[in-house]
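Following: one structure in structure tokens, then a few remarks.
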Amino acid sequence: KKIIGLIPSAVLLISETSPYNYSRIMVRTNFANPSVIALQMAKYLQGVTDASVEFHNVYKLPYNYFPEQTAQAAQKLKKRLEPYMNKQYSKFVKKYKLPDDIPFDYTVDVKGDEAQALYNYAVRNQVDLVITGTRLKSQLANIIMDSTSEKLAGVEKNVPVMIVKDVKEFVGFFKALFE
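Per this note's numbering, the very first residue in the sequence shown carries number 1172; after that it's consecutive.
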């Protein structure tokens, strides 16, 4: 995990049971620049593999919200959030001038674990590869990724995970560190 944080390039984490071909690629989006960088990688891989690409966001419930722990309540909440999430996605697409034909879905995270919510969605929906963009968590000596990318990298999973970084951000940090 620590080495992944130091490498300024994309890292692909696969398990022994991972599939050899990719037909469905999921890009984690938090509606920020790292998601755009992850999409660029996904589009490149789509050109090589002919896989479908989709965006997925995990909506984190506010701490003061205590949902009922039933599947029915979760579906009801997701339905109520749909206009808000679609608006957020549209603003993201417009801000970064992205193609508007990329499918988008989201999960409501009721347990406070975005990485696990992403993984569960990927398994349930037979996603072959999860791509997440990451940024430096700190510009200080603590060179690690954002917490969701770090958690996705930290556990043995059956779905491959690719962590894509903004090379300019990482190289700029190292230049500043050693100058």
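All C-beta atoms in this analysis are idealised placements derived from N, C-alpha and C, irrespective of residue type, glycine included.
Three or more C-beta pairs closer than 8 Å, one from the segment 1221-1236 and one from the segment 1281-1288: is that the case here?
yes
Comparing the C-beta of Val1207 with each C-beta of chain B, is any distance below 8 Å?
Judged by its chain identifiers, the structure shown contains no chain B, having just a single protein chain.
Along the alpha helix (DSSP H) that carries Gly1218, what are the first and last residues, could you check?
First-last of the alpha helix (DSSP H) with Gly1218: 1204-1220.
Taking buried to mean at least 16 other C-beta atoms within 10 Å of its own C-beta, is Tyr1267 buried or exposed?
exposed
Is the CB-CB distance between Ala1245 and Val1279 below 8 Å?
yes
Do you know how far the Cα of Phe1263 is from the Cα of Phe1202?
5 Å
Distance check for Val1182 and Asn1192, CA to CA, integer angstroms please.
Distance from the CA of Asn1192 to the CA of Val1182, rounded to the nearest whole angstrom, comes to 17 Å.
When the Cα atoms are used, what is the spatial distance from Asn1257 to Thr1188?
35 Å
Over what stretch of residues does the beta strand (DSSP E) that includes Glu1225 continue unbroken?
Per DSSP, Glu1225 belongs to the beta strand (DSSP E) from 1223-1231.
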